[in-house]
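Residue numbers (my numbering): 10 to 149.
All residues carry an ideal CB built from backbone N, CA and C; glycine is no exception.
Keep in mind the model is a prediction, meaning the values are calculated, not measured.
Below is one structure, written out as structure tokens; comments come after it.
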Amino acid sequence: MGELYNPEKMLLTKGISPTPLRLAVLELLISAKKSLTSEEILNYVSPKMPINKVTVYRILEKLVKAGLARQLSIGRPFRYELASKRHKAHPHLICKLCGGVECLDILEFTSILSSLCKVYGFKSEKVEIYIRGICKKCQT
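Take a look at the structure:
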């Protein structure tokens, strides 16, 4: 888990009670190296504590509504990732063969987006850029 994040404080700041299950899901999103499906979250958390699919969906919905997580609209099933000032919106590469999703964490993108919004006097609320194609693994 990243040292810069305090999951309990993040939840409390948004007025959300830091239950063990909410903390477990948020901690997973913080430590994840990629976006996760609700099924992946369920499979990770369930061996550690009792949780079901409905509870995972409710927690994710609450985190998205509070601005702590992002729901990626790249098809079904939805994928989720941490949303914070240090983990800004970024482009994703999506393989049309295997369904793999790769994050493009590039500082230049954030800078370009900020400049564009400033030039047009626009305040962005949600950024979604998806580049679809075939990943390196599937090309071989």
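Environment of residue i [buried if 16+ CB atoms lie within 10 Å]
i: isoleucine 103; result: buried
i: leucine 72; result: buried
i: valine 63; result: exposed
i: glutamate 12; result: Residue placement at glutamate 12 cannot be trusted, given a pLDDT of 49 that sits under 50; the coordinates are not used to answer.
Cβ-Cβ separation, residue j to residue i (assumed contact under 8 angstroms), whole Å
i: arginine 79; j: threonine 46; result: In fact, because the Cβ distance is near 13 angstroms, the residues do not count as touching under 8 angstroms.
i: leucine 77; j: leucine 21; result: So it is not a contact: roughly 11 angstroms between Cβ atoms.
i: isoleucine 25; j: arginine 31; result: 7 angstroms
i: lysine 145; j: cysteine 107; result: Not really, about 11 angstroms apart at Cβ, beyond 8 angstroms.
Neighbourhood of residue i by C-beta, 8 angstroms cutoff - its chain only, sequence neighbours within 5 removed
i: lysine 57; result: Ala33
i: leucine 27; result: Note on identity: in this sequence residue 27 is proline, with leucine being the wrong assignment. Cβ neighbours of proline 27 beyond the five flanking positions: Pro16, Glu17, Leu20 and Leu21.
i: lysine 105; result: Arg141, Gly142 and Ile143
i: leucine 37; result: Leu45, Ile50, Tyr53 and Val54
Cα-Cα separation between residue i and residue j, rounded to whole angstroms
i: glycine 109; j: serine 82; result: 14 angstroms
i: isoleucine 68; j: glutamine 148; result: 37 angstroms
i: leucine 125; j: alanine 41; result: 30 angstroms
i: lysine 23; j: tyrosine 129; result: 30 angstroms
i: serine 120; j: lysine 135; result: 16 angstroms
i: glutamate 137; j: leucine 122; result: 11 angstroms
i: asparagine 52; j: phenylalanine 131; result: 40 angstroms
i: lysine 127; j: alanine 92; result: 21 angstroms
i: glutamate 70; j: glutamate 111; result: 23 angstroms
Chain-order list of residues whose beta-carbon lies under 7 angstroms from that of residue i (same chain, five-residue window excluded)
i: glutamate 48; result: Pro86
i: alanine 75; result: Lys23 and Ile25
Sequence-distant residues of its chain with Cβ nearer than 6 angstroms to residue i (five each side left out)
i: isoleucine 60; result: Leu30 and Val54
i: tyrosine 14; result: Ile39
i: valine 65; result: Ser47, Ile50 and Leu51
i: tyrosine 139; result: Ile83, His101 and Ile103
i: serine 133; result: Cys126
Check whether residue i and residue j have beta carbons under 8 angstroms apart
i: glutamate 117; j: serine 44; result: no
CB contact below 8 angstroms: residue i versus chain C
i: leucine 13; result: Any reference to chain C falls outside this structure, which holds one protein chain only.
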